[in-house]
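These notes are about the structure you will find just below.
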Amino acid sequence: MYETTAPVASVYLDTTRTTESAFKEIELRWRAARERLAEQGADEATLQALDEVAEGEPGVPGPQGEALFAAEGRVLGAFTLSRPPLRDSAVWWPVAYPLGVVIDRNHQIPYVTVAADREGADVSAYTAAQHKPEFQRSFSGSTLHIQKVRVGGWTHKHYQRRSENLWDANAQEVAKDVEDTAAHVGAEVVFVGGDERAIGKLRDHLSERVRDILVEHPGGGRHDPAALASLREAADGVVDCVVAETRKRERAEFTTALSRGEGATQGIAAAAEALRRAQVKTLLLAADLGKEPWIWGSRTDPLEVSVDRESLSDPENAIQAPASALLLRAAAYTDAEFVELTDNSAAEGVGAILRYTTAVR
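Here this note's numbering is used: position 285 in the sequence shown is 837, and no number is missing along the way.
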């Protein structure tokens with residue numbers, strides 16, 4: 553999304569598919585969004601590029617949303633969101649507006665599911681998000697988690713492994729596959745469901761590292777639709793709990809550092825200044841920043857961001873954009889992490905955990 557200095561179209565659409573008329577409703581939503589982009593000055597080549605991806609993904613049922621980004625006649629990113637946006641939006645701004653995407657991804661973690669029986673196992677690994685493909689389709693719903701990149705087919709971060717031989721002869725091989733898959737995506741949880749005895753054999757061959765994050769859900773088998781649905785439902789519930797606890801710890805780190813007066817800062821101006829120094833380890837933003845202020849930045853240097861135009865190195869060519877858009881762009885270029893703020897613990901809904909503090913003389 554940031555590999556352009558041209559204006560970017562950022563579109564959020566409700567692409568929920570729960571009725572027979574969903575396709576038509578999505579088409580009408582996109583048509584309205586397209587008109588708004590054209591009114592803001594979006595070029596026809598970019599609008600036509602968005603035409604190709606604006607329908608979402610018919611294969612993913614249920615509540616969902618679509619986040620689309622395009623510039624210079626090409627799609628920069630297309631993401632299916634696990635929840636529909638509160639409202640459709642379409643903006644043509646100097647930089648991408650990815651707040652809705654990062655909030656959605658912040659509700660997810662990488663994990664692995666294993667459906668096992670005495671004949672074998674199916675192993676699937678799911679990443680929380682993709683990184684830096686030029687064109688990406690990423691599906692992530694509450695009961696279906698798929699990662700897909702259009703160019704090149706299925707991304708290497710999505711796995712389907714099968715071992716059709718007898719479990720006794722292949723438990724060790726399947727366990728190794730689970731280990732490799734979990735390590736590759738950095739899984740925070742490994743769910744295993746199916747035949748209870750098969751689960752036990754798999755557990756015996758797993759390392760302590762994986763056993764520590766193992767969640768067992770006995771019952772059914774690989775070819776039992778009800779059991780697979782139950783495993784997915786259990787996985788969703790545990791993922792929600794793990795994410796909630798993880799984010800709670802991250803927010804606690806921020807509030808503790810802030811109360812100490814060292815290692816954290818708050819407010820748009822302070823966070824922008826820390827990002828300019830590549831000082832931010834974790835950027836924290838509220839999902840709703842209220843009447844979000846616009847601040848200043850550079851079209852070519854993501855770290856040039858400030859509430860004060862004159863403090864930029866080239867104020868004459870400065871651009872203006874919503875604070876979250878410029879702060880997130882700077883955070884991406886400095887490899888800072890992101891955490892959603894769910895309370896009023898930071899001024900203006902913006903905070904930062906710092907990598908280091910500057911000495912005060």
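Note that the Cβ used here is the ideal one computed from N, Cα and C, for glycine as well.
Of all alpha-carbon atoms in A826, E579 and E814, the one lying nearest the alpha-carbon of L880 is that of A826. Runs of the beta strand (DSSP E) lying entirely within the region 821-902 and spanning at least 3 residues, in chain order: 832-838, 846-849, 871-874 and 889-893. Residue range V560 to D566 is occupied by the beta strand (DSSP E) that includes S562. By DSSP's assignment, Q818 forms a beta bridge with G903. In this structure, the CA atom of P615 is about 43 Å from the CA atom of L864. Residue ranges of uninterrupted beta strand (DSSP E) with 3 or more members, entirely inside the region 646-687 and ordered along the chain, are 663-669 and 672-678.
The C-beta distance from D595 to V675 rounds to 45 Å, too long to fall under 8 Å, and the pair is not in contact.
For A786, the uninterrupted alpha helix (DSSP H) run begins and ends at P777 to R812, by DSSP. Under the three-state reduction of DSSP output, A606 falls in the coil class, being neither helix nor strand. In this model, G849 and Y885 are separated by some 14 Å (Cα to Cα). Membership of L754 in the alpha helix (DSSP H) is indicated by the continuous run E748 to H757. Per the C-alpha coordinates, the member of T852, E624 and D792 positioned closest to D656 is D792.
Annotation: E591 is outside any beta strand (DSSP E); the continuous alpha helix (DSSP H) that includes it extends over A574 to Q592. In this structure, the beta-carbon distance from R803 to S876 does not fall below 8 Å. The alpha-carbon of F631 is positioned some 16 Å away from that of I661. Annotated as proximal: V767 and V790, with beta-carbon spacing under 8 Å. Ranking Y678, V666 and S782 by CA distance to the CA of V726 puts V666 first.
Going by C-alpha positions, Q831 is about 25 Å away from H659. The count of Cβ pairs closer than 8 Å, one atom from the region 560-570 and one from the region 631-648, reaches three, so the stretches are in contact. Taking a contact as a CB-CB distance under 8 Å, the pair V654 and V741 does not count as one, their CB atoms being some 21 Å apart.
Assigned with DSSP and collapsed to three states, A739 falls in coil, not helix or strand.
Annotation for E618: the continuous beta strand (DSSP E) segment containing it runs G617 to A623.
Beyond the five residues adjoining it in sequence on each side, A904 comes within less than 6 Å, by CB distance, of T817, A823, A826, V832 and L835 in the same chain, given in chain order.
Following the DSSP letters along the chain, one finds E555 in no alpha helix (DSSP H), marked with neither H nor E. Of R586, L651 and L599, the smallest CA-CA separation from A883 is found for L651. In the structure shown, T910 adopts coil according to DSSP, grouped into three states.
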